[in-house]
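One structure is given below, encoded as structure tokens.
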Amino acid sequence: MLTDDKIKKIIIKSNLLGSSKDAKDILTEAEKNNDKDLADYVIEKKLINESSLYESVAKYFNLPFVNLESKKIDNITLFLVPETSAQEHQTVAFNVNNDKKTVDLATLDPENIEFFEFIHKKTSLEPIIHICTPNGLKKALAQFHTDTQAEFKMYDKNRQDISEKKLTEMSQELPIIRIVDSLLEQAFYEKASDIHIEPEEKETKVRYRIDGILSNVMTLPKKAHAPIVARIKVMSNLKVDEHRLPQDGRFKIYNKKNKISFRVSIIPVIYGEKIVMRLLDEKPGILSLEEIGLQPSSLEIVKKNIKKPHGMILITGPTGSGKTTTLYTVINILNSPKVNISTIEDPIEYNIPHVNQSQVSPKIGYTFANGLRAFLRQDPDIIMVGEIRDNETAEIAIHAALTGHLVLSSLHTNDALTTLPRLLEMNVPPFLVASTTNVIIAQRLVRRICKNCIYSYYLDKKEIEQLKKDVDIEKIIQMLKNEKIISKKEEGINKLLFYKGKGCPECGNSGYKGRIGIYETLEITPELAKLIAGGASESEMRKEEERQNILKMIEDGFIKAKAGITTIEEVLRVTKE
Numbered sequence: 050m051l052t053d054d055k056i057k058k059i060i061i062k063s064n065l066l067g068s069s070k071d072a073k074d075i076l077t078e079a080e081k082n083n084d085k086d087l088a089d090y091v092i093e094k095k096l097i098n099e100s101s102l103y104e105s106v107a108k109y110f111n112l113p114f115v116n117l118e119s120k121k122i123d124n125i126t127l128f129l130v131p132e133t134s135a136q137e138h139q140t141v142a143f144n145v146n147n148d149k150k151t152v153d154l155a156t157l158d159p160e161n162i163e164f165f166e167f168i169h170k171k172t173s174l175e176p177i178i179h180i181c182t183p184n185g186l187k188k189a190l191a192q193f194h195t196d197t198q199a200e201f202k203m204y205d206k207n208r209q210d211i212s213e214k215k216l217t218e219m220s221q222e223l224p225i226i227r228i229v230d231s232l233l234e235q236a237f238y239e240k241a242s243d244i245h246i247e248p249e250e251k252e253t254k255v256r257y258r259i260d261g262i263l264s265n266v267m268t269l270p271k272k273a274h275a276p277i278v279a280r281i282k283v284m285s286n287l288k289v290d291e292h293r294l295p296q297d298g299r300f301k302i303y304n305k306k307n308k309i310s311f312r313v314s315i316i317p318v319i320y321g322e323k324i325v326m327r328l329l330d331e332k333p334g335i336l337s338l339e340e341i342g343l344q345p346s347s348l349e350i351v352k353k354n355i356k357k358p359h360g361m362i363l364i365t366g367p368t369g370s371g372k373t374t375t376l377y378t379v380i381n382i383l384n385s386p387k388v389n390i391s392t393i394e395d396p397i398e399y400n401i402p403h404v405n406q407s408q409v410s411p412k413i414g415y416t417f418a419n420g421l422r423a424f425l426r427q428d429p430d431i432i433m434v435g436e437i438r439d440n441e442t443a444e445i446a447i448h449a450a451l452t453g454h455l456v457l458s459s460l461h462t463n464d465a466l467t468t469l470p471r472l473l474e475m476n477v478p479p480f481l482v483a484s485t486t487n488v489i490i491a492q493r494l495v496r497r498i499c500k501n502c503i504y505s506y507y508l509d510k511k512e513i514e515q516l517k518k519d520v521d522i523e524k525i526i527q528m529l530k531n532e533k534i535i536s537k538k539e540e541g542i543n544k545l546l547f548y549k550g551k552g553c554p555e556c557g558n559s560g561y562k563g564r565i566g567i568y569e570t571l572e573i574t575p576e577l578a579k580l581i582a583g584g585a586s587e588s589e590m591r592k593e594e595e596r597q598n599i600l601k602m603i604e605d606g607f608i609k610a611k612a613g614i615t616t617i618e619e620v621l622r623v624t625k626e
């Protein structure tokens, strides 16, 4: 949306409040005594007519003005911009010129270039931007509701006896198709990783997970829930008439530039069936080790160890910490015609050319352990096991590493060092752990600060006191000094400049956009291997880790916070145990 500063500038330039001096005085006073947007305030106080203000906005941006208050938009045009997108970006399509291949868009935010480009790619029509009033836009948006609700009434007539056949037919009806398509398209545009469709007693909630955080995006009438579930089941080739057991499926959506795979999980809950869909771009940009966020010291350790012809490289962290991305990054570096790479995954998230990828299927007895055992008869050089979950898989993976194979895998542990006792708990002999493990990378994902609204600040006394409770500040300062991140003048925590995002339309007013990893990389040195083989306690291994002076995750996070990549709050959020 347009900022208060931009609205103020337009009002003064357009002489909407009289002389420039009078306008500045009125607007300054309005800003001091107002917690609303400036545009809303001057209209509510009847200082400026709504139409006059937004006609001036149109003139300022050299764009046409359109009055939507009495305009009836046909359904085909209206739904060119999905309802969720229209609500989120305060933009509607109101006319299409097929001869010129253009679409007229009415908006309150003419600077939302990224969204207009999205509409251009989605429709193959050139957007012609118009400015409208908030009331006009509100009435246009209401047409989504009116159209959909009218069609939903059709479902209520025979609601007492909806057969499975009828439910399948309903899943093909236009309003249901529109809702589902809108949810999927908006999720892709917002770069969501997951869509949650959750039935409640009187309504259905839709939430997106964006940059690791769930947020509400839509509330739907309860009567729409069953047809939506049926629609997604049909798309995923699942049983429409099964409501008591969990089901898993998958479907794909194609457009001109992308092929998106949706992994679907459906479970029965108290008020119906809950759906979670994971979005997987089948043509992801392959990142380098530098791009995923490894610091130079960690990068050197990883590059040295992936060149070894055998042994284990382990990636650890909780679910959703980016382990698969790191594994795929390493696989991509190692991938060449000279080596045979095989992976066993659950599920296969991305297709990697020239790599033999296999997906486990517990229903038929095809487990990580069985697949790994079969791989050893396939003359592999490099093996990737999606996750080591049990002692059988751990033993086979370690024996593979011992017999001349490079093995990559992941585990769920809090940090790098606790991976070692975890393997020992799986009854793997200590000497095998010591002799086969090359390097362990622990990681988390933190949200990046939005570059469009970033600003710098110094910590105040209250923030410093809170920080002292969470971390060893002196150690952090010394680490930043050792890494040459700060100068002697900045050695005090109150002298360090950090960064945040104010929140803007570009980032959905969150202050964040995108994510990056923070890491700690533990190399199994001869000294540490000796301790493992000798059955040393975790505390003894911890002392050796301290002696190695490895960069810890929280320290990596503070380096990125000091560099303006993420915030202190994000680092503490993901590293607190």
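The number in our numbering is simply the position in the sequence shown, starting from 1, with 49 added. C-beta: ideal position from N, C-alpha, C; glycine also. Values in this document were obtained by computation on a predicted structure and should not be read as measured data.
If you look at Lys-352, you'll find it isn't in any beta strand (DSSP E); it sits in the alpha helix (DSSP H) that goes 345-355. For the pair of segments examined, the segment 362-378 was found to touch the segment 483-493: the number of CB pairs separated by less than 8 angstroms reaches three.
Pairwise C-beta distances place the segment 154-174 in contact with the segment 118-134, as three or more of them are shorter than 8 angstroms. The beta carbon of Asn-381 sits closer than 6 angstroms to the beta carbons of Ile-335 from its chain, once the five residues preceding and following it are set aside; these are given in chain order. Leaving aside the five residues that flank Leu-546 on each side, the residues in its chain whose CB is nearer than 7 angstroms to its CB run, in chain order, Ser-505, Tyr-507. The beta carbon of Asn-405 lies closer than 6 angstroms to those of Ser-391 in the same chain, with the five residues before and after it left out.
In its chain, beyond the 5 residues on either side, Ile-513, Ile-522 have a beta carbon closer than 6 angstroms to the beta carbon of Ile-542. The beta carbon of Tyr-415 lies closer than 7 angstroms to those of Val-409 in the same chain, with the five residues before and after it left out. Under the three-state reduction of DSSP output, Asp-297 falls in the strand class. Under the Cβ criterion (8 angstroms, minimum of three pairs), the segment 427-443 counts as touching the segment 457-467. The residues Ile-393, Ile-432, Val-434, Thr-442, Ile-445, Ala-446, Ala-449, in chain order, have a CB closer than 8 angstroms to that of Leu-421 in the same chain once the five nearest residues on each side in sequence are set aside. Each of Ile-277, Gly-261, Lys-271 was checked against the Cα of Leu-232, and the nearest Cα belongs to Ile-277. In the same chain as Ala-418, and ignoring 5 residues on each side of it, the C-beta atoms closer than 8 angstroms to its own belong to Asp-439, Glu-441, Thr-442, Ile-445, in chain order. Between the alpha carbons of Asn-124 and Glu-569 lies a distance of about 53 angstroms. With fewer than 16 other Cβ atoms inside 10 Å of its own Cβ, Leu-263 counts as exposed. Between Leu-287 and the set Ile-309, Ile-341, Ser-314, the nearest pair of CA atoms involves Ser-314.
A contact between stretches requires three or more CB pairs, one per stretch, nearer than 8 angstroms, and the segment 256-270 fails this requirement with the segment 338-346. Fully enclosed beta strand (DSSP E) runs of no fewer than 3 residues occupy 486-498, 503-507 of the segment 473-535, in order along the chain. Boundaries of the beta strand (DSSP E) harbouring Ser-314: 308-318, taken from the DSSP string. According to the DSSP assignment, Val-434 belongs to the beta strand (DSSP E) that extends over 431-434. Taken in chain order, the complete alpha helix (DSSP H) segments of 4 or more residues contained in the segment 117-194 are 124-127, 132-138, 162-172.
Collapsing the DSSP output to three states places Gly-566 in a strand. With a 10 Å radius around the Cβ and a threshold of 16 neighbouring Cβ atoms, Ser-285 comes out buried. With fewer than 16 other beta carbons inside 10 angstroms of its own, Ser-119 counts as exposed. Between the alpha carbons of Arg-256 and Ser-559 lies a gap of roughly 16 angstroms. Inter-segment contact for the segment 89-107 and the segment 148-155 is absent: fewer than three beta-carbon pairs are separated by less than 8 angstroms. When the beta-carbon positions are compared, Phe-193 and Pro-176 stay at least 8 angstroms from each other. The C-alpha of Leu-51 is placed about 26 angstroms away from the C-alpha of Lys-121. Taking C-beta atoms as the reference points, Asp-86 and Asp-53 count as a pair closer than 8 angstroms. DSSP, read as helix, strand or coil, puts Val-404 in coil. Membership of Tyr-103 in any beta strand (DSSP E) is not indicated; the residue belongs instead to the alpha helix (DSSP H) covering 99-109.
Taking the CA atoms as reference points, Ile-498 sits about 6 angstroms from Ile-614.
In this structure, DSSP gives Gly-550 an extended state, which the three-state scheme calls strand. Judged by DSSP in its simplified three-state form, Asn-381 adopts helix.
Judged by DSSP in its simplified three-state form, Arg-591 adopts helix.
Look at Arg-426 here: in three-state DSSP terms it is coil, with no helix or strand label.
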